[in-house]
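Peer 1: To convert, count from 1 in the sequence shown and add 54; that's my numbering. Every residue gets a Cβ at the ideal spot worked out from N, C-alpha and C, and that includes glycine. Predicted, not measured: the structure shown is a model, and the values here were computed from it. This structure is in structure tokens; I'll ask about it shortly.
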Amino acid sequence: MLLRDLNRRDDDLASMVETIVRVAPDVLLLTDFDFDHGFAALHELRVWTAEEGLEYPHLFSLQSNAGRPTGVDVDRDGRLGRGRDAQGWGRFSGQGGMAVLSRFPFGEATDLSQLLWKDMGGALIVTDDPAYEIQRLSSDGHWIVPVMLPDAEVSVMAFHATTPVFDGPDDRNGRRNHDEIAIWSQVLAGTYGPAPDRFVILGDANLDPSKGEGIRSAIHDLLARPDLSDPLQGVPTVDWSHLGLGQMRVSYAVPSISLQVQAAGTETIRPETGHHGLVWVDVAVP
55 MLLRDLNRRD
65 DDLASMVETI
75 VRVAPDVLLL
85 TDFDFDHGFA
95 ALHELRVWTA
105 EEGLEYPHLF
115 SLQSNAGRPT
125 GVDVDRDGRL
135 GRGRDAQGWG
145 RFSGQGGMAV
155 LSRFPFGEAT
165 DLSQLLWKDM
175 GGALIVTDDP
185 AYEIQRLSSD
195 GHWIVPVMLP
205 DAEVSVMAFH
215 ATTPVFDGPD
225 DRNGRRNHDE
235 IAIWSQVLAG
245 TYGPAPDRFV
255 ILGDANLDPS
265 KGEGIRSAIH
275 DLLARPDLSD
285 PLQGVPTVDW
295 SHLGLGQMRV
305 SYAVPSISLQ
315 VQAAGTETIR
325 PETGHHGLVW
335 VDVAVP
């Protein structure tokens, strides 16, 4: 479906492409972008942006946990193989994945997407969870992708956390959302190997620091870290007025203090293409 719409130059996607070309980021993270093994959709998007004058010679993506079968009745509804029974919600493997496009080449990436939820320090998964032994932490993925600039290396720390709602009284999604955010603080503390010196945390946390549902301690702890700067504090990134939630901040571009922030902002995309805006930060390497 995504590849078909890209080939057709679908009007909804056209406004997204127009926004990307107008902002012209050197490095771009896309979430909710279906994964296919041949990168067919990603290549077609690259062709489209090139037609509009924006070249991305370097592409990166990995198969996400979204739609990956578990073989377990995760949501305990008595049926197997449904969207909520996957490692991350999805009707098919790779639905709603992530992709990175860049003007600069990539170094060797670190993929934390196979980390089991129970193996994360302080994990909020309960021991009687139906998928306790096999459930991965990442509902989509957690990647550390080095971008090789001419004179420096800057890592993109990419993720897309599950929404903290649409579960039940056990708050499984809320607990998992918390831990999908909390892992970045552990990464920066060196729990999973040396942390990158220069980085930008990019992604959809699906959580506002002050509005809506969710367990906020992890996002508060992350944004308060002394090794991070938050140039878009309080700036909304999504308009959910149609749901009665108003504007919220759920997407983030948070650089390390080792980078100098030149500017930052959000760009609204036409509502029919989705209610999320493009979040950007312009940084310089000292």
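Would you say Ala259 and Ala307 are within 8 Å of each other, going by their C-beta atoms?
Peer 2: Contact flag unset, no.
Peer 1: Helix, strand or coil for Asp139 per DSSP?
Peer 2: If DSSP states are grouped into helix, strand and coil, Asp139 belongs with the helices.
Peer 1: My assumption, with CB atoms under 8 Å, is that Ser115 sits in contact with Ala153. Please give the rounded CB distance.
Peer 2: Contact flag correct, Cβ pair sits at about 4 Å.
Peer 1: Pull up the distance between the alpha-carbon of Val337 and that of Leu256, whole angstroms please.
Peer 2: Between Val337 and Leu256, the C-alpha separation is close to 13 Å.
Peer 1: Just checking my contact of Gly266 with Met302 at CB under 8 Å: how many whole Å lie between their CB atoms?
Peer 2: 6 Å between Cβ atoms; contact.
Peer 1: Among Glu106, Gly268, Ser295 and Pro309, which one has its Cα closest to the Cα of Gln287?
Peer 2: Ranking the options by Cα distance to Gln287, first place goes to Pro309.
Peer 1: Does the distance from the CB of Phe89 to the CB of Gly151 come in under 8 Å?
Peer 2: A contact, by the Cβ cut-off of 8 Å.
Peer 1: Going by alpha carbons, who is nearest to Pro159 out of Leu276, Tyr110 and Ile273?
Peer 2: That would be Tyr110, whose Cα lies nearest to the Cα of Pro159.
Peer 1: Measure the C-alpha to C-alpha separation of Val254 and Met211 and round it to an integer number of angstroms.
Peer 2: Approximately 6 Å between the Cα atoms of the pair.
Peer 1: With DSSP run on the structure shown, which of helix, strand or coil describes Ser295?
Peer 2: Ser295: helix per DSSP, three-state reduction.
Peer 1: Quick check for students: name the residue ranges of the beta strand (DSSP E) that lie wholly in the region 95-183, counting only runs of 3 or more.
Peer 2: You should have 112-114 and 152-156.
Peer 1: With the cut-off set at 8 Å, would you say His196 and Ile237 are in Cβ contact?
Peer 2: The answer is yes: Cβ separation under 8 Å.
Peer 1: Measure the Cβ-Cβ separation of Leu60 and Ala104 and say whether it is below 8 Å.
Peer 2: Their beta carbons are not under 8 Å apart, which means Leu60 does not touch Ala104 by this criterion.
Peer 1: Among residues of its own chain, excluding the 5 on either side of Asn119, which ones have a beta-carbon nearer than 7 Å to its beta-carbon?
Peer 2: Contacts found: Gln141, Gly142, Ser167, Arg190, Ser192, Ser193, Asp194 and Gly195.
Peer 1: CA-CA distance, Val289 and Leu82?
Peer 2: The alpha-carbon atoms of Val289 and Leu82 are separated by roughly 20 Å.
Peer 1: Is the CB-CB distance between Leu178 and Arg122 below 8 Å?
Peer 2: Not a contact, by the Cβ cut-off of 8 Å.
Peer 1: Here's a check: name, in chain order, each residue in its chain whose Cβ is nearer than 6 Å to the Cβ of Pro250, leaving out the five neighbours to either side.
Peer 2: Counting only Cβ-Cβ distances below 6 Å, and skipping sequence neighbours, we find Ser209.
Peer 1: What residues are listed by DSSP as bridge partners for Leu83?
Peer 2: According to DSSP, which records beta bridges pairwise, Leu83 is partnered with Val154.
Peer 1: Go through its chain and collect everything with a Cβ distance to His97's Cβ below 8 Å, but skip five positions before and after it.
Peer 2: These residues qualify, in order along the chain: Leu113.
Peer 1: Could you name the residues that DSSP lists as bridge partners for Val315?
Peer 2: For Val315, which the question treats as bridged, DSSP gives the partners Val337.
Peer 1: Which whole-angstrom value describes the C-beta separation of Val333 and Ser305, a residue pair presumed to lie in contact below a C-beta threshold of 8 Å?
Peer 2: Their Cβ separation, rounded to whole angstroms, is 5 Å, which keeps Val333 and Ser305 in contact under 8 Å.
Peer 1: Are Glu207 and Arg157 closer than 8 Å when you measure CB to CB?
Peer 2: In this structure, Arg157 does not lie closer than 8 Å to Glu207 by Cβ.
Peer 1: Please look up how many angstroms separate the CB atoms of Phe245 and Ile198, rounded, as I've assumed it's under 8 Å.
Peer 2: It should be pointed out that residue 245 corresponds to Thr in this sequence rather than to Phe. Actually they do not touch by this definition, with Cβ atoms about 13 Å apart.
Peer 1: Between Phe93, Lys172, Thr291 and Leu242, which lies nearest to Asp275 when the distance is taken from Cα to Cα?
Peer 2: Measuring from the Cα of Asp275, the nearest candidate turns out to be Leu242.
Peer 1: Please report the residue range of the alpha helix (DSSP H) in which Val199 lies.
Peer 2: Counting along the chain, Val199 falls outside any alpha helix (DSSP H), though it belongs to the beta strand (DSSP E) covering His196 to Met202.
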